[in-house]
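Q: Residues 1 to 332 (full-length UniProt numbering) make up the sequence shown, in order. Cβ atoms here follow ideal geometry from the backbone N, Cα and C, with glycine treated the same way.
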Amino acid sequence: MAASDAAPGNCAFGTPVRADALTHPPVVSIIIPCHLSTPSQADLLEETLASVSAQSYRDYEVILVDDGSSLPVAQIAHAHRHVTYLQRENAGPAIARNTGIARSRGQYLIFLDADDQLLPCALATGINALENCPDAGFAVGPREEMTYEGEPVTWQVPPPPREMQIYLPLLRFDWYIIPPSAVMFRREVVEAVGGFRNPWGADDLDFYLRAAYRYAACCYQAPAVTRYRRYSTSSSRDGERMLHSIRAVYSRQWSLVAGDPASEAAYHCGLQRLTEIFLDCVVENIEDRLNSNDRPRALRSAELLRAESPDHWQKLLQRRPDITSLVSGTST
């Protein structure tokens, strides 16, 4: 891995804000990247930090990395204990997380998104899992899901499977770790794999695969440790962006699986499954952009969809027959 992939980059640190700074290295470091551009995002960050403050286990620090927000973040950090606030130019969540890793001191690390929440038992449960499973490099727990407004969802969320060797299941996309705060990592694992790389959207998957290739996991089925906020405008629903990203992630894995039939089969299966998922997202993105009168982006995505998948193109035509005239109108 190139040094530029993992290094925090040229950090423009603001003056760190330490609320009730710990006098000893904490057991757990919680790293939160944030990029706030709307008041509602600031409100969600407040909820995220409040969920950390409600932890039953108290020996932790929070590294809040402001990734070039257009709204003030420092005042939010001031309102919560054990928070170190760092500010840098916008470079994306992978680089922001690496910035937090470099500043953290904990024996264990959790990567919490700025719109998700930790459940009160999260830290205690993760530590207990790793102490009881010394051969595991990281522990994966179950999640709850909520709507954008924070309401419970109507569907059931399955827990992680009971297995320790999860590289091939992840590669095959039999299941997936959502969100990153469902995992507690030992620091030596994070340092050994070199932190996060930046494949423009699927940096979580890239990181999980590299960790799972080298280390066993401790997957447990209860209790849930995090609450994941689902909404259609999240960056992971940007189909075009995610297609490019997952292809970059999988291309990095090929040298590890080439020559082994079972591993190659897992590779091709996972890439196909993810491609189908994000082509479906492209269809949704085109409809949303047409509905919001964002014609240039809708047409760009439509051209990609028509070139990528005749099946998905037909699916779009059935839902939006007017797309034909719009696309043909740009090519004449």
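(1) So the alpha helix (DSSP H) residue 54 belongs to, where does it begin and stop?
(2) Between 175, 285 and 156, which lies nearest to residue 165 when the distance is taken from Cα to Cα?
(3) Does the distance from the CB of residue 140 to the CB of residue 114 come in under 8 Å?
(4) Just how far apart, CA to CA, sit residue 67 and residue 97?
(5) Go ahead and pull the three-state DSSP assignment for residue 87.
(6) Between the Cα of residue 40 and those of 126, 180, 73 and 262, spot the shortest distance and give me the residue it belongs to.
(7) Does DSSP put residue 185 in a helix, in a strand, or in coil?
(8) Per DSSP, residue 230 is paired with what?
(9) For the beta strand (DSSP E) containing residue 143, name the first residue and the last one.
(10) Using a threshold of 8 Å, state whether the C-beta atoms of residue 109 and residue 178 are closer than that.
(11) For the 8 Å Cβ check, are there 3 or more pairs between the stretch 47-63 and the stretch 122-140?
(12) The alpha helix (DSSP H) spanning residue 129 covers which residue range?
(13) What residues in its chain sit with their C-beta under 6 Å from that of residue 239, if we drop five residues either side in the sequence?
(14) Does residue 254 have its Cβ less than 8 Å from a Cβ in chain B?
(15) Indicate whether residue 217 and residue 159 have their beta-carbon atoms separated by less than 8 Å.
(16) Taking the alpha carbon of residue 70 as the point to measure from, which residue in 100, 51 and 35 has its own alpha carbon closest?
(17) So the candidates are 260, 116 and 134; which of them puts its Cα closest to the Cα of residue 145?
(18) Comparing C-alpha positions only, which one of 270, 51, 200 and 80 sits nearest to residue 92?
(19) Taking three-plus beta-carbon pairs below 8 Å as touching, is the stretch 258-273 in contact with the stretch 290-308?
(20) Closer than 6 Å by C-beta to residue 130: which residues in its own chain qualify, once you throw out the five before and the five after it? Chain order, please.
(21) The alpha helix (DSSP H) that contains residue 170, what's its start and end?
(22) Tell me, to the nearest whole angstrom, how far the beta carbon of residue 29 is from that of residue 105; I am working on the premise that it is less than 8 Å.
(23) Assign residue 153 to one of two classes, buried (16 or more other C-beta atoms within 10 Å of its C-beta) or exposed (fewer than that).
(24) For residue 148, which option in 309, 289 and 43 has the closest C-alpha, if you only look at C-alpha atoms?
A: Inspection of the coordinates gives the following:
(1) Unbroken run through residue 54: none, as it is neither H nor E.
(2) 175
(3) no
(4) 10 Å
(5) strand
(6) 73
(7) strand
(8) Residue 230 pairs with nothing; no bridge assigned.
(9) 143-146
(10) no
(11) yes
(12) 122-132
(13) 278, 281, 282 and 285
(14) Chain labels in this structure do not include chain B; a single protein chain is all it has.
(15) no
(16) 35
(17) 116
(18) 200
(19) no
(20) 139
(21) 167-172
(22) 6 Å
(23) exposed
(24) 43
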